[in-house]
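Numbering (our numbering), first residue to last: 3 to 543.
Here it is in structure tokens:
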């Protein structure tokens, strides 16, 4: 379908199961166990010991690295660490010139048993990153130490102390295509990791990855699914990746798809299995709107009902009848039954999980998958009364194998997600976390997840009488890009070149709190020396 106006389903899905409702609270990702052995490992104690979490974030890099400034890495790492800091003390958090190579070197990465990437169970790094053709990963530092100003994967030894979960919120930190793999980059130095999180591609400079990760994880998702969804909420133009280590193929796959607590036991590096998200086979993307419409540039957004009555109606639409009072308080509402899980946020946006996909099934055609997604929207009355337009289709791929076997399995499609954008006055909203619908299906076309983040639209906001009418979005984007470059060059490191990411320029509405505002948007890669970073450029029209 090119566009459609959806309407509510006439009747609830039948048969209906009576279930209770709950609110999603703040959950601790640290495992709680009651046995003495677990307590000896620091699991299940009333106050968890140190050596759980640490992080580094760099926005201003050592000048000798040639790496340009970034703008959002502090917020990124802080978003991750501030969540877990509700439950446990953070061993360390270093910024900018405080981030030095010693924190990543085997002789000092557990300094005083407290500082360094291998002194903690979970380590989060946000900054620049680059991958060499031989699979070696490089991360420029905020300051030099011992004559070095880069952290280099081949010089590390990780997991022989505490580290089990390694997050690299950088470009090219976990490549999975073009002859590269997690085995090539990380196995030579892996002494006990359980999971690795990163990106195959260039990643967007955003402060939302860490915060989004725990927001998605709080919905009951595995670590790898939460990392993928948190990243694709920022932009679907990235290839986000994660990997699991284990003694067998089954252990790796179970960890990759299901692990959602930070365990302390060392992982074997005999096998690896990994996943990534990118464009789906045979899919086509919508041709973006590039024209400034003649209609209003600002529209008021209406509040979507997020109360108990609205949740009961939503649950009924998906075949669940609430058996009593919906709990008062804060946090998203949740109901489970019939193998389904319905979650509604306070703003009325919601997500429904229908079960796990058959990740080894034969992949249906793109046309059949599109049709299945369209039918799901019609059947469940998704985005009722709101016009939608097809945007693109992405897929989750997976592959893996043993480290002593060069024959890595061919990539398979685990699931496919069909993306739709909300349309306002004939103009789609731009890419972002609001104003869209996502339907995820397994390879056969069975629906496994559905997300509705649309907002009803009210009246137009009168134009400012003295504001100039903008008719050239390209000029506005160019001016905004130049302003970004001046900010990034504040430390004196100038960019080498700016590359517009193909097929990312668009004109549409950005949904903010209470307002739909017309903007021009594009993504650009800023290259400085040996590294690059993607930036979202938006100009209000």
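In this text, a Cβ means the ideal position worked out from N, Cα and C, and glycines have one as well.
(request) For residue 1, write down the residues that DSSP places opposite it in a beta bridge. (result) Here the chain covers residues 3 to 543 and nothing more, so residue 1 does not appear.
(message) I'd like to know if the stretch 395 to 412 and the stretch 262 to 281 are in contact, where contact means that at least 3 CB-CB pairs between them fall below 8 Å.
(response) Touching, yes.
(request) From the DSSP output, read off the bridge partner residues of residue 306. (result) For residue 306, which the question treats as bridged, DSSP gives no partner whatsoever.
(message) Assuming residue 225 is part of the alpha helix (DSSP H), what are its boundary residues?
(response) From DSSP, the alpha helix (DSSP H) with residue 225 extends over 225 to 234.
(request) Taking 8 Å as the threshold, find out whether the stretch 97 to 110 comes into contact with the stretch 54 to 72 through three or more Cβ pairs. (result) The stretch 97 to 110 vs the stretch 54 to 72: in contact.
(message) Just to confirm before moving on: does the CB-CB distance between residue 509 and residue 294 stay below 8 Å?
(response) With contacts defined by Cβ atoms closer than 8 Å, residue 509 and residue 294 form a contacting pair.
(message) Using the Cβ count rule (16 or more neighbours within 10 Å means buried), how would you classify residue 116?
(response) In summary, residue 116 is exposed, with fewer than 16 beta-carbon neighbours lying within 10 Å of its beta-carbon over all protein chains present.
(request) On a CA-only basis, which of 377, 239, 325, 430 is nearest residue 173? Give me that one, please. (result) Its Cα nearest to that of residue 173, the residue 239 stands out among 377, 239, 325, 430.
(request) Within its chain, find whatever has a CB closer than 8 Å to the CB of residue 170; leave out the 5 residues flanking it on each side and keep chain order. (result) Cβ contact annotation for residue 170 (same chain, cutoff 8 Å, sequence separation greater than five): 127, 131, 139, 141, 176, 198, 199, 200, 201, in chain order.
(request) Work out the CA separation of residue 315 and residue 264 for me, nearest whole Å. (result) Rounded to whole angstroms, the separation of the alpha carbons of residue 315 and residue 264 is 36 Å.
(request) Give the range of the alpha helix (DSSP H) segment to which residue 374 is assigned. (result) Going by DSSP, residue 374 is part of the alpha helix (DSSP H) stretching over 368 to 382.
(request) Check whether the stretch 486 to 496 touches the stretch 69 to 86, taking contact to mean three or more Cβ pairs, one atom from each stretch, closer than 8 Å. (result) Yes, they touch.
(request) Compare the Cα-Cα distances from residue 522 to each of 223, 365, 457, 429 and report the closest residue. (result) Of the candidates 223, 365, 457, 429, the one whose C-alpha sits nearest the C-alpha of residue 522 is 429.
(request) Taking residue 145 as the reference, give the member of 221, 178, 105, 196 with the closest Cα. (result) If we check each option's Cα against that of residue 145, 105 comes out closest.
(message) Using the Cβ count rule (16 or more neighbours within 10 Å means buried), how would you classify residue 504?
(response) With fewer than 16 other Cβ atoms within 10 Å, it is exposed.
(request) Report the partner residues of residue 352 according to the DSSP bridge assignment. (result) In the DSSP assignment, residue 352 forms a beta bridge with 346, 454.
(message) In this structure, how does DSSP classify residue 535 when only helix, strand and coil are distinguished?
(response) Assigned with DSSP and collapsed to three states, residue 535 falls in strand.
(message) Checking the sheet assignment: what are the DSSP bridge partners for residue 525?
(response) According to DSSP, residue pairing for residue 525 in a beta bridge involves 538.
(message) Taking the straight line between their C-alpha atoms, what separation do you get for residue 93 and residue 321?
(response) Here the alpha carbon of residue 93 sits roughly 46 Å from the alpha carbon of residue 321.
(request) Report the rounded CA-to-CA distance for residue 377 versus residue 203, giving the unit in angstroms. (result) Their Cα atoms are separated by approximately 33 Å.
(message) Beta-carbon within less than 7 Å of residue 29's beta-carbon, same chain only, minus the 5 sequence neighbours each way: which residues are those?
(response) The beta carbon of residue 29 is closer than 7 Å to those of 220 in its chain, skipping five residues each way along the sequence.
(message) Can you confirm whether residue 247, when its beta carbon is compared against all beta carbons of chain C, has any partner nearer than 8 Å?
(response) The structure shown has no chain C; it contains just one protein chain.
(message) Taking the alpha carbon of residue 544 as the reference point, which residue from 518, 454, 524, 512 has its own alpha carbon closest?
(response) Any question about residue 544 goes unanswered here, given that the chain covers just 3 to 543.
(request) Compare the beta carbon distance of residue 301 and residue 463 with 8 Å and say whether it is the shorter of the two. (result) Yes; because the gap between Cβ atoms is below 8 Å, this pair is in contact.
(request) Tell me whether residue 389 sits in a helix, a strand or coil according to DSSP, three-state version. (result) It is a strand residue.
(request) Verify whether the separation of the beta carbon atoms of residue 458 and residue 304 is less than 8 Å. (result) Yes, the pair counts as a contact, with Cβ atoms nearer than the cut-off.
(request) May I ask which residues mark the beginning and end of the beta strand (DSSP E) holding residue 281? (result) For residue 281, the uninterrupted beta strand (DSSP E) run begins and ends at 273 to 281, by DSSP.
(message) Rounded to whole angstroms, what is the Cα-Cα separation between residue 329 and residue 80?
(response) Their Cα atoms are separated by approximately 31 Å.
(request) Please work out which residues of its chain come closer than 6 Å, Cβ to Cβ, to residue 441, disregarding the five sequence neighbours upstream and downstream, and give them in chain order. (result) So the list reads 375, 378, 420, 452, once near-sequence residues are dropped.
(message) Taking 7 Å as the limit between beta carbons, can you name the residues of its chain near residue 155, skipping five residues before and five after?
(response) Counting only Cβ-Cβ distances below 7 Å, and skipping sequence neighbours, we find 138, 139, 187, 188, 191.
(request) Please state if the CB of residue 231 and the CB of residue 218 are separated by a distance shorter than 8 Å. (result) Cβ atoms of residue 218 and residue 231: closer than 8 Å.
(request) Taking residue 20 as part of the beta strand (DSSP E), name the residues at either end of that continuous run. (result) Its beta strand (DSSP E) spans residues 19 to 21.
(message) With DSSP as the reference, identify every bridge partner of residue 57, one or two as the case may be.
(response) Answer by DSSP bridge pairing, in chain order: 95, 126.
(request) Could you tell me which residues DSSP puts in a beta bridge with residue 438? (result) In the DSSP assignment, residue 438 is bridged to 423.
(request) Under 6 Å Cβ to Cβ from residue 534, same chain only, skipping five residues before and after it: list those, please. (result) Cβ neighbours of residue 534 beyond the five flanking positions: 204, 527.
(request) Assuming residue 358 and residue 345 form a contact by the criterion Cβ under 8 Å, report the distance between their Cβ atoms to the nearest whole angstrom. (result) Wrong, their Cβ atoms sit about 17 Å apart, outside the cutoff.
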